[in-house]
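Residue numbers (our numbering), protein chains in the order written: chain A, 34 to 130; chain B, 5 to 586.
See the structure below:
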């Protein structure tokens, strides 16, 4: 039976150096990925918070509009109170609902 | 081949060494050669890291269509700080800052004083600058002036439901925590650890893989979704404020609740405050008076007395009694509001005409033990509402043997409870005899996106459905026949209601003869209620009866809710019905 022989002629030392080099490159790459990940995470989070802040401003405008409509004195605005309110069956939702 | 590999390996190592050398050279350039420039730049740096910013979950209103509207959220902008050691022309710096932050900057004298404190390196002089203002100020590159990103708690509704929503502030520690309202109750859900943005995925992976799969914070942290409907809340708040201002009352309040679930749709009190501007707020109004303050509610207690007696079987709706106008109990006199006798009348009239002598007669028929048993069930325990500082009902008169204590309790004097406890008890009549848990938060939306419904299903049976229905019939007659002399009747909607006028205690064991507490309760549709409304106003001036102060507000809310929620009619005619104008 023939002795099994690897097609490469490596020493243990050179193999170790190769592994060290590979690990170093991987490590640097890993650091780059982690830093990019952290930077993107912060950027996205900041972006979300900025958007939420903008939404809050719009919500404040909406709630202020509701308050304005509620507080409006329609009699003072020239509208007359119904003389005889009539209760009827609803036939469909109005646009105001 | 081996030599060839070695040479390649050396080439790779040389490359790595070269990269390392380049990085070292770059670091030397940045930190040593250009260190001063970068230090100055850092001093003015406005895009600070996210981890230093205040973070907290949101609280939401829920519109009738399910849309969530922020009740409490975060706003982001910029703060301005100065370094007194490096600031040049303090006057010019102040003018530049005041030009973009006129409303939030320190006063001129305070600013100049801060700029002269050379022993300090960091003094905050303006907050809450807009994005545009912050960037404009940073672009000016004023020496010694730093523009920093900041976030703060923001309440888009301002005064809207401010007391139940609550506030955050610095407590005993150095972090902002919920102090009142839902902010305090759900502080554990709303608070954030603050390290979320700087989490290193790989470090987390290597240090604690389990946390990535099941993160305890993700299970706990979230947003609070309330049952408060913003438009109904606005309407109630407006009505309450109007009543308080019109009658110069000490305070006023109101609650609108779904009697079958305990979901509070709106609750308001006056005076109130704007959560965005706490600088000049009286600390005494920061709490929620609807939960903390106890009152003697007066005659809105009579429906509970009546239902207790009907449920116990000691009376029926057809039972009659002889109303003499006044009676003497334990040497104390109890009289009807107008001192007039009614003669022999049925139970219905006790509710319709709000007769104290009749309520006392019913309490006597019920007996002390049964009366105490019913009222202890109704008011003996806290409601469990998700608000801090809930007050205890004062029921000590029911622990004494004197009948006078039971008689006065039957019409709402001598015992006191919070408005939330009162609406919960009265809600039992609307809900077929069963009390529910009043609550403001319906769900927690976790950081993971999952919405977890809160369990508010605990109920407390108090009365039988028949007794509750019989009292409801009596209360419906109040609106149809008595309120505004019958003009308040809605032909297409049955509404049950009761007014209450209580004398205020004088603090010396007696009662004022000319100071009153007004209350009003009602629910509709009477026999399948969707809403129960409780209103009160404390010490209104130049008016005696609750029917004068609160009827209009109650009816305004009823008509608004019918229209807003398109509540279908529960009675009426097939065609159209005309009613007299109010």
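Glycine residues also receive a C-beta, built at the ideal position from the N, C-alpha and C atoms.
From a predicted model like this one, the values you see are computed outputs, not experimental measurements.
Problem - Boundaries of the alpha helix (DSSP H) in which residue 565 of chain B is found, first to last residue - result: 555-568
Exercise for the section: State whether the stretch 86-104 of chain B contacts the stretch 155-166 of chain B, with contact taken as three or more CB pairs (one from each stretch) at a distance under 8 Å. Expected result: The stretch 86-104 of chain B makes no contact with the stretch 155-166 of chain B, as fewer than three CB pairs between them are under 8 Å.
Problem - Alpha-carbon to alpha-carbon, residue 284 of chain B and residue 275 of chain B - result: 13 Å
Handout entry: Coil, strand or helix - residue 59 of chain B by DSSP
Key = If DSSP states are grouped into helix, strand and coil, residue 59 of chain B belongs with coil.
Problem - Terminal residues of the alpha helix (DSSP H) in which residue 156 of chain B lies - result: It is not in any alpha helix (DSSP H) - residue 156 of chain B instead sits in the beta strand (DSSP E) that spans 149-158.
Handout entry: Under 7 Å from the C-beta of residue 108 of chain A: neighbouring residues of chain B
Key = Within chain B, no residue comes near residue 108 of chain A; the closest Cβ sits about 14 Å away, beyond 7 Å.
Exercise for the section: With hydrogens ignored, establish whether the beta-carbon of residue 451 of chain B is closer than 7 Å to any heavy atom of the ligand HEM. Expected result: This structure simply doesn't include the ligand HEM, nor any ligand for that matter.
Exercise for the section: Just tell me which of B:506, B:264, B:114, B:301 has its CA closest to the CA of residue 460 of chain B. Expected result: Nearest Cα to residue 460 of chain B within the set B:506, B:264, B:114, B:301: B:264.
Practice task
Taking only runs that begin and end inside the stretch 110-145 of chain B, name each unbroken beta strand (DSSP E) of 3 or more residues, in chain order.
Solution key: 127-133
Problem - Selected residue, minimal CA-CA separation from residue 128 of chain B, among B:363, B:110, B:252 - result: B:110
Handout entry: Option nearest residue 295 of chain B by Cα separation, candidates B:313, B:268, B:148, B:518
Key = B:268
Problem - Under 8 Å between C-beta atoms of residue 527 of chain B and residue 570 of chain B - result: no
Practice task
Just the chain B side, please: which residues come within less than 8 Å of residue 59 of chain A by C-beta, in chain order?
Solution key: Within chain B, no residue comes near residue 59 of chain A; the closest Cβ sits about 12 Å away, beyond 8 Å.
Problem - Cα-Cα separation, residue 51 of chain B to residue 152 of chain B - result: At residue 51 of chain B, the pLDDT of 45 sits below 50, so the modelled position is not reliable and the matter cannot be decided from this model.
Practice task
Show which residues of chain A have a CB atom less than 7 Å away from the CB atom of residue 235 of chain B.
Solution key: Within 7 Å Cβ-Cβ: 99.
Exercise for the section: Would you mind reading off the limits of the beta strand (DSSP E) that contains residue 273 of chain B? Expected result: 268-274
Practice task
Report yes or no: is there a C-beta of chain B within less than 8 Å of the C-beta of residue 86 of chain A?
Solution key: yes
Problem - Neighbour flag for residue 72 of chain A against chain B, beta carbons, 8 Å - result: no
Handout entry: Among B:272, B:378, B:195, the one whose alpha carbon lies nearest that of residue 232 of chain B
Key = Closest by C-alpha distance to residue 232 of chain B, out of B:272, B:378, B:195, is B:272.
Exercise for the section: Could you tell me whether the Cβ of residue 47 of chain A comes closer than 8 Å to any Cβ of chain B? Expected result: Interface flag for residue 47 of chain A against chain B is set, since a Cβ pair is found closer than 8 Å.
Exercise for the section: Report the three-state DSSP secondary structure of residue 185 of chain B (helix, strand or coil). Expected result: helix
Handout entry: Backbone CA spacing between residue 463 of chain B and residue 255 of chain B [nearest angstrom]
Key = About 31 Å.
Problem - Span separating the alpha-carbon of residue 134 of chain B from that of residue 14 of chain B - result: 56 Å
Handout entry: Cβ contact (3+ pairs, closer than 8 Å) linking the stretch 173-181 of chain B and the stretch 238-246 of chain B
Key = Output reads no: the stretch 238-246 of chain B does not touch the stretch 173-181 of chain B.
Exercise for the section: From the DSSP output, in three-state form, read off residue 113 of chain A for me. Expected result: coil
Handout entry: Residues bridged to residue 455 of chain B (per DSSP)
Key = B:449
Exercise for the section: Report the rounded CA-to-CA distance for residue 382 of chain B versus residue 489 of chain B, giving the unit in angstroms. Expected result: One C-alpha to the other measures close to 32 Å.
Practice task
Could you spell out where the beta strand (DSSP E) holding residue 327 of chain B opens and where it closes?
Solution key: 324-327
Practice task
Would you kindly report the start and end of the unbroken beta strand (DSSP E) that includes residue 412 of chain B?
Solution key: Element bounds for residue 412 of chain B: not the beta strand (DSSP E) but the alpha helix (DSSP H), 407-414.
Handout entry: Where residue 130 of chain A sits in the DSSP three-state scheme
Key = With a pLDDT of only 42 at residue 130 of chain A, under 50, the local geometry of the prediction cannot be trusted, and the value read off the model is given with reservation. Per DSSP, reduced to three states, the secondary structure at residue 130 of chain A is coil, with no helix or strand assignment.
Practice task
Give every residue of the same chain whose Cβ lies closer than 7 Å to the Cβ of residue 355 of chain B, excluding the five residues on either side of it in the sequence, and list them in chain order.
Solution key: 306, 307, 310, 478, 479, 482, 502
Exercise for the section: Check whether the Cβ atoms of residue 147 of chain B and residue 118 of chain B lie closer than 8 Å to each other. Expected result: In this structure, residue 118 of chain B does not lie closer than 8 Å to residue 147 of chain B by Cβ.
Exercise for the section: Specify the secondary structure class of residue 9 of chain B as computed by DSSP and reduced to three states. Expected result: helix
Handout entry: Cβ pair residue 2 of chain B, residue 370 of chain B closer than 8 Å
Key = Residue 2 of chain B lies beyond the stretch modelled for chain B, which goes from 5 to 586, so this question has no answer here.
Handout entry: chain B contact for residue 52 of chain A (CB, 8 Å cutoff)
Key = no
Problem - Extent of the continuous alpha helix (DSSP H) run through residue 98 of chain A - result: 45-104
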